[in-house]
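Q: Keeping their order, the protein sequence lines are chains H and Z.
First residue of the first sequence? That's 1 in the working numbering, and the numbers climb one at a time after it.
First residue of the second sequence? That's 1 in the working numbering, and the numbers climb one at a time after it.
Once you've had a glance at the structure underneath, I'll fire off some questions.
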Amino acid sequence: MLLVVEQFLNGLQFGLLLFLLAAGLTLVFGIMDFVNLAHGSLYMMGAYFAATFVAWTGNFIVGILLALGATLLLGIVLEFVALRHFYGRDHLDHVLATFGLILFFNDAVRLIWGPGGLALPLPAWLTVPIQIMPGVFYPSYRLAIIAVSLAVAAFLYVVVMRTRLGMLIRAGASNREMIGALGINIKLLYTLVFGLGAALAGLAGLMQAPILTVQIGMGENILILAFVIIVIGGIGSIRGAFLAAIFVGLIDTLGRAFLPDLLRQVLSSTAASTAAPALSSMLIYLVMAMVLVVRPEGLFPANRR
Amino acid sequence: MKDWLNARNAIVVLVIAGLLLLPLYSSMTGNIFLLTLFTRIVIFAMAAASLNLIMGYGGMMSFGHAAYLGIGGYAVGILAHEGIGSGFIQWPVALIASALFALVIGALSLRTRGVYFIMITLAFAQMAYYVASGLSRYGGDDGLTIYKRSDFGGLINLSSRVQLYYFCLACMFGVIYLIWRIVNSRFGMVVQGLRSNEARMQAIGFPANRYRLVCFVISGTMCGLAGALLANNTDFVSPAVMYWTRSGDLMVMVILGGMGSLFGPVLGAIVYLVLEESLSQVTEYWALIMGPLLLLIVLFGRGGIVGLLGRLRRG
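In structure tokens form, the structure reads like this:
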């Protein structure tokens with residue numbers, strides 16, 4: 001029971017983290033119609049910035065805020081210098097151009113920070129376990145991730161649905177020429193949205209950093225998961241990304257935790273221990289395949305009219 | 001058709017002649033490195049050509065093509081590991097396994113279009129990567145060393161560098177010939193028609209997805225062959241050959257050479273891998289140059305090398 005609660009919370013936390021990544025991806029795609037493979041690189045840069053700034057300032061919160069700002073800035077610069085020239089081009093061009101960016105970022109990180117990974121140590125007040133139920137303790141840092149991610153999700157919802165900026169963003173997504181003709185600086189809007197997406201990726205990266213090590217290529221595996229999420233959730237839909245992210249986070253975590261035991265009850269223990277790792281890493285792809293069979297457009301397709 | 005004497009064809013003929021004569025040059029100068037490099041290039045050219053069949057002619061942007069390289073390679077590696085060394089068993093198994101994988105993921109992925117298709121093929125290939133990483137009996141993450149190359153009786157000796165090279169080259173030309181025949185057949189016309197206008201093709205009665213799926217499977221099988229060759233060339237197969245950056249490399253080769261042209265992927269593979277090799281000799285951080293270069297190629301290089309050569313002629 002205790003293990004189930006703990007793994008459930010782990011899954012929720014992982015899912016919310018995935019949501020931050022997927023939200024940036026789906027926002028940029030839904031609004032600018034731009035496929036950004038380098039989103040995982042921004043995630044990685046967020047983690048590297050955080051590790052550097054925290055070590056530099058000696059203060060966790062200040063370091064993290066600086067890292068967030070740096071990732072936001074990086075995203076804006078990236079959009080301004082390179083990516084805005086690709087709007088309106090074929091999706092394949094986006095994929096290839098941002099693939100080039102991934103190569104660039106991986107080697108840039110290797111050049112600047114060296115091939116070894118970095119560690120982002122937590123401050124003492126985030127390492128104490130918290131009693132969430134009688135007898136059930138849970139790491140406070142993971143709870144903090146859950147809280148921050150939920151707050152960001154709420155913030156995104158309010159910004160996109162309830163503010164003037166969000167109204168412009170939604171208008172830009174549905175008809176870019178019309179909003180330009182109405183006198184809105186669409187280019188600036190796009191740059192801002194891209195920067196926001198970058199900051200979300202950076203936030204996900206720096207929050208994951210203390211749990212795993214900060215290393216080159218850390219954004220690539222998780223980016224694939226983010227893709228799976230927006231395919232399941234429906235591209236361009238933030239609500240779909242949110243639900244799909246939690247779903248995928250739970251399935252992945254619970255699958256890895258409990259599938260070996262479940263298999264052991266059906267198969268012999270040697271067969272189970274060989275099949276379990278492969279099967280549990282396949283699990284979310286199988287779910288994705290099933291979703292595709294039933295709903296090729298994803299569960300919550302955007303722009304349904 | 002009558003003015004076949006143009007810059008593009010001249011380059012293609014030159015490249016073919018160069019590829020055919022390369023072992024001669026390498027044995028004269030004793031430059032073995034060049035031969036091993038070009039064996040690898042020829043194998044990747046074959047893989048890129050197979051990707052070009054679905055991307056350039058079929059309009060299916062698969063971002064998971066490296067999976068077949070791994071499946072073909074693992075078929076050879078696993079059978080060799082289990083003591084079955086005969087190429088007459090290994091290779092058909094490699095081809096059939098690739099075809100089956102292509103059939104399953106093709107049937108699922110082809111339900112979608114556009115970006116969805118790119119992402120789904122990517123995700124499935126990544127799934128294959130994780131499964132291979134989980135094969136602890138066959139090396140898992142570390143990969144599987146192949147101690148003995150495929151045995152084809154007395155027919156051909158793959159342990160000889162020159163014979164392996166010519167065998168790969170022959171396979172590549174075979175694949176390209178096959179693609180040429182496919183593209184110009186009725187089947188190929190239907191697939192290309194589907195790329196241009198799916199609704200019209202369906203309206204005149206062609207089952208779109210069935211044609212696409214067959215094309216997808218053919219392409220995957222060809223790439224599986226390249227995978228079997230690659231495993232024999234490196235005496236090693238690991239999950240890394242299926243990693244998604246490999247699929248990206250293959251895509252770049254196709255785009256660089258010229259999508260939808262018969263020899264474009266070959267030129268693309270040669271230019272990309274030679275560029276990678278020479279940049280990595282200049283600096284350890286070759287991707288720092290390669291990445292932005294890619295960006296510029298995509299931005300300005302429409303139609304790839306073949307397109308460039310075509311423009312050259314028209315002036």
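Glycine included, each C-beta is placed from N, C-alpha and C at the ideal position.
Is there at least one Cβ from chain H nearer than 8 Å to Z:VAL282's Cβ?
A: no
Q: I'd like to know whether the C-beta atoms of Z:ILE289 and Z:ALA45 end up nearer to each other than 8 Å.
A: no
Q: Would you mind reading off the limits of the beta strand (DSSP E) that contains H:VAL77?
A: Taken as a continuous stretch (DSSP letters only), H:VAL77 belongs to no beta strand (DSSP E), being part of the alpha helix (DSSP H) at 60-81.
Q: Under 8 Å by Cβ, that's how I've got Z:LEU155 and Z:LEU164 pegged, so tell me the actual separation to the nearest angstrom.
A: Not confirmed; about 13 Å, so no contact.
Q: According to DSSP, is Z:SER86 part of a helix, a strand, or is it coil?
A: Reduced to three states, the DSSP call for Z:SER86 is strand.
Q: Since Z:VAL63 contacts Z:ILE105 with CB under 8 Å, what's their CB separation in whole angstroms?
A: In the sequence as presented, Val is not what sits at residue 63 of chain Z; that position holds Phe. Rounded, the Cβ-Cβ distance is 12 Å, inconsistent with contact.
Q: Kindly indicate if chain Z contains any beta-carbon less than 8 Å away from that of H:ARG110.
A: yes
Q: Run down chain H in chain order and give the residues with a C-beta less than 9 Å from the C-beta of Z:SER185.
A: Correct list: empty, because the minimum Cβ distance to chain H is about 26 Å.
Q: Chain H partners of Z:GLY291, CB-CB under 9 Å?
A: Neighbours of Z:GLY291 on chain H, chain order: PHE99, GLY100, LEU101, ILE102, LEU103, PHE104, PHE105, ASN106, ASP107, ALA108.
Q: Along chain Z, which residues have their Cβ under 7 Å away from the Cβ of H:LEU338?
A: The displayed coordinates of chain H run from 1 to 305. Any statement about residue 338 of chain H would go beyond what the structure contains.
Q: Could you check where the alpha helix (DSSP H) with H:TYR48 kicks off and where it finishes?
A: 39-57
Q: For the putative contact between Z:TYR129 and Z:MET251, defined by C-beta atoms under 8 Å, what is the C-beta separation to the nearest angstrom?
A: In fact, because the Cβ distance is near 16 Å, the residues do not count as touching under 8 Å.
Q: Measuring only between beta-carbons, confirm whether H:PHE137 sits less than 8 Å from chain Z.
A: no
Q: State the DSSP-derived secondary structure class of Z:PHE321, mapped to helix, strand or coil.
A: In the structure as shown, chain Z starts at 1 and stops at 315, and residue 321 of chain Z therefore has no counterpart that could be examined.
Q: Can at least three beta-carbon pairs, one atom from the region 59-77 of chain Z and one from the region 246-266 of chain Z, be found at a separation below 8 Å?
A: yes
Q: Roughly how far, in whole angstroms, is the beta-carbon of H:VAL214 from the beta-carbon of H:LEU118, given that I think they are within contact range, below 8 Å?
A: 4 Å
Q: Taking DSSP as the reference, what is the three-state secondary structure of Z:VAL306?
A: helix
Q: Would you report the Cα separation of H:GLY46 and Z:ARG181, rounded to the nearest angstrom?
A: Roughly 50 Å between the two C-alpha positions.
Q: Going by the beta-carbon positions, is the gap between H:GLY195 and H:ILE186 smaller than 8 Å?
A: no
Q: Taking H:LEU65 as the reference, give the member of H:TYR43, H:PRO296, H:GLY202, H:ILE229 with the closest Cα.
A: Per the Cα distances, H:GLY202.
Q: Kindly indicate which residue of Z:MET259, Z:VAL115, Z:ILE176 has the alpha-carbon position closest to the one of H:LEU25.
A: Z:VAL115
Q: If H:ALA97 and Z:LEU294 are in contact, beta carbons under 8 Å, what's the gap, nearest whole angstrom?
A: 7 Å
Q: Assign H:LEU12 to one of two classes, buried (16 or more other C-beta atoms within 10 Å of its C-beta) or exposed (fewer than that).
A: buried
Q: Which residues in chain Z have a C-beta closer than 7 Å to the C-beta of H:VAL228? List them in chain order.
A: ALA123
Q: CA-CA distance, H:PHE60 and Z:VAL93?
A: 55 Å
Q: Would H:PHE306 and H:ALA209 qualify as a contact pair, given that the criterion is a beta-carbon distance under 8 Å?
A: No answer is possible for residue 306 of chain H: it lies beyond the span of chain H, which begins at 1 and ends at 305.
Q: Quick one: what does DSSP say Z:LEU34 is sitting in, helix, strand or coil?
A: helix
Q: Assuming Z:LEU53 contacts Z:ILE218 (C-beta within less than 8 Å), just tell me the rounded distance between them.
A: 7 Å
Q: Report yes or no: is there a C-beta of chain H within less than 8 Å of the C-beta of Z:PHE63?
A: Cβ-Cβ to chain H under 8 Å: yes for Z:PHE63.
Q: Measuring CB to CB, does H:ASP261 end up less than 8 Å from H:ILE284?
A: No, Cβ-Cβ distance for H:ASP261 and H:ILE284 is not below 8 Å.
Q: So what does DSSP say about Z:PHE117, is it helix, strand or coil?
A: Here Z:PHE117 sits in helix by DSSP.
Q: Near Z:ILE89, what residues of its chain come up, given a Cβ to Cβ distance below 8 Å and the 5 sequence neighbours on each side ignored?
A: LEU79
Q: Assuming Z:ALA66 and Z:ILE176 form a contact by the criterion Cβ under 8 Å, report the distance between their Cβ atoms to the nearest whole angstrom.
A: Contact flag wrong, Cβ pair sits at about 20 Å.
Q: Grab the span of the beta strand (DSSP E) containing H:TYR138 for me, first residue to last.
A: 136-139
Q: Return the CA-CA distance between H:MET178 and H:TYR48, expressed in angstroms with no decimal places.
A: 40 Å
Q: State yes or no: is the beta carbon of Z:ALA49 nearer than 8 Å to at least one beta carbon in chain H?
A: no
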